[in-house]
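In my numbering, the protein residues as written are 23 to 230.
Notes follow once the structure below has been shown.
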């Protein structure tokens, strides 16, 4: 039982339930996880709106749920692959008193889903290469607030590597290309100008 999604203090009088079921082979070369969170996630009052975690205001419960199924398998000493599918839904009763702070009153529900997969090649103990493909559908432009309210499909391909400098520090550079396919008026990239973007980053991971 938790207070809600990404918060420390509940924004309504209902708790949320989260949990997981995990399975591993004896040699730990294959695993599958199912994870979920569900519960009423509306703000009870305009006097206490926890946005962007919850963008609904209603005196009545508005049920929200998200489910994730993911797995990973090592094929041999060099190759491994992971994949995930996710589905979520925010219910809405459509009443005039059920207000979406972005689109107004009468909210009657939204849903989203996605899938991604990553293929990794371990060249040597301190160096591996990966390529990842992602698809995320948010037809109602609901769940990605505040990053975006664009209505449609987000697709991405990422390529990168991980290099361990030593047992304490790893470097992880990557290049990513995103394409948005959806509502013609929505441009989620480039500060509202673009429907595609190319980005690069370098992460430094420090272990202690």
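Backbone N, C-alpha and C define an ideal beta-carbon position, used for all residues, glycine too.
query                                                                                                                 : result
Integer Cβ distance of residue 100 from residue 144, believed to fall under 8 Å                                       : 5 Å
Cβ-based neighbour list, residue 177, same chain, cut-off 6 Å, excluding 5 preceding and 5 following                  : 157, 201
Assigned exposure category for residue 51 - 16 Cβ within 10 Å defines buried                                          : exposed
Residue 80, buried or exposed, once every other Cβ within 10 Å from all chains shown has been counted against 16      : buried
Minimum length 3: unbroken beta strand (DSSP E) runs contained in the region 35-66                                    : 39-46, 52-62
Proximity winner among 131, 183, 124, 115, relative to residue 147 (alpha-carbon distances)                           : 183
Three-state secondary structure assigned by DSSP to residue 31                                                        : coil
Segment contact flag, the region 118-135 with the region 180-194, C-beta cutoff 8 Å, min 3 pairs                      : no
Backbone CA spacing between residue 162 and residue 211 [nearest angstrom]                                            : 17 Å
Segment limits, beta strand (DSSP E) that includes residue 192                                                        : 191-204
Local conformation of residue 144 per DSSP, three classes                                                             : strand
Spatial neighbours of residue 66 in its chain, beta-carbon cut-off 6 Å, leaving aside the 5 residues before and after : 34
Through-space distance from residue 72 to residue 151, alpha-carbon basis                                             : 40 Å
Beta-bridge pairing of residue 133 - partner residues as DSSP gives them                                              : 111
Cutoff 6 Å; reference residue 40; Cβ partners in own chain excluding five residues on either side                     : 24, 59
Own chain, CB closer than 6 Å to residue 54, minus 5 neighbours either side, in chain order                           : 45, 93
Three-way DSSP call (helix, strand, coil) for residue 90 in this model                                                : strand
Distance, residue 90 Cα to residue 186 Cα                                                                             : 30 Å
Run of the beta strand (DSSP E) containing residue 231, from where it starts to where it stops                        : Residue numbering for the chain in the displayed model covers 23 to 230; residue 231 lies beyond these limits and cannot be assessed.
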